[in-house]
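Q: Each residue of the sequence shown is one higher than the last, beginning at 66 in my numbering.
By construction, the Cβ of each residue, glycine as well, lies at the ideal position given by its N, Cα and C atoms.
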Amino acid sequence: MSDTILKCTTRHVRIFTAIVENNDLIFDNGHLTLDIDPDNEFIWCDQSIKKVQDYFRELVDSQANNELTDYSLRKIGSLLEDFIRKLLQDGELSYNPNSRVMNYSMGLPRTKESL
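#1: What separation, rounded to the nearest whole angstrom, lies between the Cα atoms of residue 115 and residue 129?
#2: Rounded to whole angstroms, how far is the Cβ of residue 117 from the Cβ of residue 101, which I believe are closer than 8 Å?
#3: Work out the CA separation of residue 133 and residue 92 for me, nearest whole Å.
#4: With respect to the beta strand (DSSP E) encompassing residue 101, which residues constitute its N-terminal and C-terminal limits?
#5: Look at the alpha carbon of residue 90 and the alpha carbon of residue 103, and state the distance between them as a whole number of angstroms.
#6: By the three-class DSSP mapping on this structure, what secondary structure does residue 137 have?
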């Protein structure tokens, strides 16, 4: 494998084969860095963040015996996106009204009237 940082960038998840030092990404093939909701589209509680981090670890562990590729990293990112959508649908997350862009990328907000 080259010394190029592999990355997966989705709307709400960024994964890098790197560590963060002084706000810079430094290539590290033995480490994955997860950035959740970089645009602050959602309001998060500690429990929801922990759920995403735990699911991330579970997905990474399931790939432990396989070579890490762009494809496998994108698959992990896509599964995390689906997981975040489920958290939103289950009411564990809500849209952040102070987000710089309100595009409801995971679907329209659920209200009691729409259920």
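A: Inspection of the coordinates gives the following:
#1: 21 Å
#2: 6 Å
#3: 14 Å
#4: That run of the beta strand (DSSP E) goes 98 to 101.
#5: 15 Å
#6: helix
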